[in-house]
Amino acid sequence: MRRVLLVVLLTGCTLGPDYKRPDMALPQQYSEPSAGAAAAVAPNWWTLYRDPTLDELIATGQKSNSDLRLAAARVQEAEGALREARASFFPEITGAASYSRLGVSTLANPPVPNGLSTVRPNYQALISTSYEVDFWGRLSRTTEAARANLLANQLSRDTVDITLAGAIAQAYFALRSLDAQIAVLDISIRTRRDSLEIAKARLDAGLAPELDVYQAQSALSDALVQRRDTARSRSLVEHQLAQLSGRFDLNLPAEKLAGDMFGLPIVPLPPAGLPSALLDRRPDIRQAEEGLVAANAQIGIARAAMFPTISLTASAGVQSAQFADLVAGPGASIWSLGVALAGPIIDEGRREARVDQARARREQALAGYQKAVETGFREVSDALVNVQQSGESEAELKARLDAARNALELSTLRYQSGYSPYLEVLDAQRTANDAELAFVRNRQSRLAFSVDLMKALGGGWTPALAPAAARN
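As structure tokens, then:
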């Protein structure tokens, strides 16, 4: 019977609800079908673009980015909190040593006998221990919450890592796109300079009005302004890449970048998979769930605070008026054993209010988890639509570009032969310039949308630990 009572005393019960993954009405499939390869997203998915500069930028960012270092430091803090919580299951042992002198009054009753000193020294050395019995599960729930917080911080770091790789890739593609746009504008500027010279020559020959020269000059100035704005945008994107990669000395002139943007491959689409699988494939969703686990455990902590805490205490040591007697002196040993019980009697509902607060925080965490799931599904669906539509648009944009180039060539020949006004040339130049830029920007969009899809599907992340739903 005593053994049974001892087991009950040491184990007790665990207050508060055990975690269970919320039931959610998930769609059976995404609104847009996924086409492409049968392989899942690769962990180093950016290598599929086969660009060594991009690989180097992401590798540097993963080592030097300040957001990633901040997330890693938070993981270390959470690891310390978990170790502290786990240490609560073991007794705490402390040691103390002291020396004191006590002066006794000569007028005390009974008086100090003649010949004895009124000063009494005292030497003491003591080892004490205390142990809180986790009868109500407060320590268990505290450890559960600390573990969930650690996992949430680890998942937050993984989310930052995926987001960083995606941001660097998209900024790099924007840089390559702006280089291509500058190249288009350089050709347009040369074409418009040639047109201006032709208009001036025709004016001098009396074959064209002065208006043609003004229109040609205006078109040239417009192209020069476009190029300057595009070059400014390129500088800003390069600054963004420097910050993301943690390299303030970053310098990526166009001539250092290998090949043309259109040489970057369009990677095959990974399968979107079942929507239910997304819950364990995205670290941000798992992070939100771990936040829910921690909030759920806090309810048990708040409920346990409504009941008395039970502590076992013990101490042992030596005490003597003479230092030499601490070790050799008979009867110097002192010890104590005890059980302490401390709990609330009247608190005017404070602890019950804390339980209500913990329950409300759990509802907030549940809403945050549901929002993370909904956001994940929307991002996958949006990325699938964007990838599909931008891919289908490329063929039409290419046909538009070919037609615009032909129209520009014909209108220029007709103007030089005197069969059409210069206004047709201007219109053809604008149309061709817009078509060239639209074709380049659509290719950038295709690359950026493919990155969005990689990130939306989890960026190749795989859970190293068992999902929160498997917890007891």
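Just so we're aligned, residue -17 is where the sequence shown starts under my numbering, counting upward by one. Glycine included, each C-beta is placed from N, C-alpha and C at the ideal position.
Whole-angstrom C-beta distance between residue j and residue i, which should lie under 8 Å
i: residue 150; j: residue 206; result: Not confirmed; about 31 Å, so no contact.
i: residue 249; j: residue 30; result: 4 Å
i: residue 369; j: residue 260; result: Residue 369 to residue 260, Cβ: 17 Å. No contact.
i: residue 111; j: residue 144; result: Between residue 144 and residue 111 the Cβ distance is about 47 Å, and since that is not below 8 Å, they are no contact.
i: residue 346; j: residue 174; result: With a Cβ gap of about 60 Å, residue 346 and residue 174 do not count as contacting.
i: residue 66; j: residue 279; result: Their Cβ separation, rounded to whole angstroms, is 15 Å, which puts residue 66 and residue 279 out of contact at 8 Å.
i: residue 214; j: residue 161; result: Their Cβ separation, rounded to whole angstroms, is 14 Å, which puts residue 214 and residue 161 out of contact at 8 Å.
i: residue 34; j: residue 348; result: With a Cβ gap of about 45 Å, residue 34 and residue 348 do not count as contacting.
i: residue 146; j: residue 263; result: No, residue 146 and residue 263 are not in contact; Cβ-Cβ is about 18 Å, not under 8 Å.
i: residue 8; j: residue 258; result: 5 Å
i: residue 315; j: residue 337; result: Wrong, their Cβ atoms sit about 46 Å apart, outside the cutoff.
i: residue 177; j: residue 407; result: 6 Å
i: residue 285; j: residue -3; result: 4 Å
Closest residue to residue i among the options (Cα-Cα distance)
i: residue 196; options: 182, 209 and 189; result: 182
i: residue 129; options: 62, 116 and 103; result: 62
i: residue 340; options: 323, 276 and 432; result: 276
i: residue 247; options: 27, 3, -2 and -5; result: 27
i: residue 430; options: 144, 300, 388 and 148; result: 148
i: residue 49; options: 177, 139, 338 and 245; result: 139
i: residue -1; options: 283, 104 and 378; result: 283
i: residue 428; options: 374, 392, 344 and 146; result: 374
i: residue 404; options: 414, 393 and 299; result: 393
i: residue 505; options: 156, 127 and 244; result: Here the chain has residues from -17 to 454 only, and residue 505 is not among them.
i: residue 155; options: 438, 436 and 423; result: 423
i: residue 518; options: 125, 386 and 78; result: Because the chain is modelled from -17 through 454, residue 518 falls outside the range shown and cannot be assessed.
i: residue 380; options: 425, 348 and 70; result: 425
i: residue 386; options: 376, 415 and 371; result: 415
i: residue 85; options: 71, 72 and 101; result: 101
i: residue 202; options: 47, 350 and 172; result: 172
i: residue 266; options: 72, 7 and 352; result: 352
i: residue 333; options: 315, 355 and 288; result: 288
i: residue 242; options: 286, 316 and 159; result: 159
i: residue 81; options: 107, 141 and 53; result: 107
i: residue 73; options: 59, 24, 109 and 239; result: 109
i: residue 199; options: 179, 70 and 190; result: 179
i: residue 344; options: 141, 274 and 153; result: 274
i: residue 38; options: 191, 342 and 239; result: 239
i: residue 382; options: 409, 413, 221 and 372; result: 413
i: residue 191; options: 388, 58, 402 and 363; result: 402
i: residue 221; options: 194, 188 and 153; result: 153
i: residue 170; options: 141, 204 and 193; result: 204
DSSP-derived helix/strand/coil call for residue i
i: residue 76; result: strand
i: residue 400; result: coil
i: residue 36; result: helix
i: residue 185; result: helix
i: residue 299; result: strand
i: residue 43; result: helix
i: residue 70; result: coil
i: residue 83; result: strand
i: residue 29; result: helix
i: residue 291; result: strand
i: residue 230; result: coil
i: residue 459; result: Absent from the structure is residue 459, since the part of the chain shown begins at -17 and ends at 454.
i: residue 4; result: coil
i: residue 264; result: coil
i: residue 249; result: coil
i: residue 455; result: Because the chain spans -17 through 454 in this model, residue 455 falls outside it and cannot be assessed.
i: residue 273; result: helix
i: residue 384; result: helix
i: residue 472; result: No answer is possible for residue 472: the residues shown for the chain start at -17 and end at 454.
i: residue 408; result: helix
i: residue -2; result: coil
i: residue 190; result: coil
i: residue 208; result: helix
i: residue 279; result: helix
i: residue 57; result: helix
Chain B within 7 Å of residue i, Cβ atoms only
i: residue 320; result: Of the protein chains in this structure there is only one, and it is not chain B.
Residue i: CB within 6 Å of a non-hydrogen atom of the ligand GDP
i: residue 176; result: Looking for the ligand GDP in the displayed structure turns up nothing, as the structure carries no ligands at all.
Cβ pair count under 8 Å reaching 3, the stretch 115 to 129 against the stretch 297 to 308: With a cut-off of 8 Å, the stretch 297 to 308 and the stretch 115 to 129 do not count as touching, because too few Cβ pairs lie within range.
The stretch 134 to 151 touching the stretch 252 to 272, judged by at least three CB pairs closer than 8 Å: The answer is yes - the stretch 252 to 272 touches the stretch 134 to 151, with three or more Cβ pairs under 8 Å.
Scan the stretch 88 to 163 and note each continuous beta strand (DSSP E) run of 3 residues or more that stays entirely inside, going in chain order. Within the stretch 88 to 163, the complete beta strand (DSSP E) segments of 3 residues or longer fall at 101 to 115, listed in chain order.
Stretch-stretch touch, CB-based, cutoff 8 Å, three pairs: the stretch 353 to 369 with the stretch 314 to 325: Three or more beta-carbon pairs separated by less than 8 Å are not found between the stretch 353 to 369 and the stretch 314 to 325, which leaves the two stretches without contact.
Check whether the stretch 208 to 224 and the stretch 176 to 195 are in contact - that is, three or more C-beta pairs closer than 8 Å. The stretch 176 to 195 and the stretch 208 to 224 do not touch, with fewer than three beta-carbon pairs separated by less than 8 Å.
Could you name each continuous beta strand (DSSP E) segment of 3 residues or more that falls completely within the stretch 293 to 369, going from the start of the chain to the end? Complete beta strand (DSSP E) runs here, min 3: 315 to 324.
Tell me whether the stretch 325 to 338 and the stretch 120 to 128 touch, counting them as touching only if at least three CB pairs, one residue from each stretch, are closer than 8 Å. No, they do not touch.
Counting pairs of Cβ atoms below 8 Å between the stretch 364 to 381 and the stretch 395 to 403, do you hit three or more? Verdict: no, contact absent.
Would you call the stretch 429 to 445 and the stretch 226 to 238 in contact, with 3 or more CB pairs under 8 Å? Under the Cβ criterion (8 Å, minimum of three pairs), the stretch 429 to 445 does not count as touching the stretch 226 to 238.
Do three or more CB pairs link the stretch 412 to 420 to the stretch 164 to 179 at distances below 8 Å? Verdict: yes, contact present.
Check whether the stretch 36 to 43 and the stretch 225 to 232 touch, using three or more Cβ-Cβ pairs below 8 Å as the test. Pairwise C-beta distances place the stretch 36 to 43 in contact with the stretch 225 to 232, as three or more of them are shorter than 8 Å.
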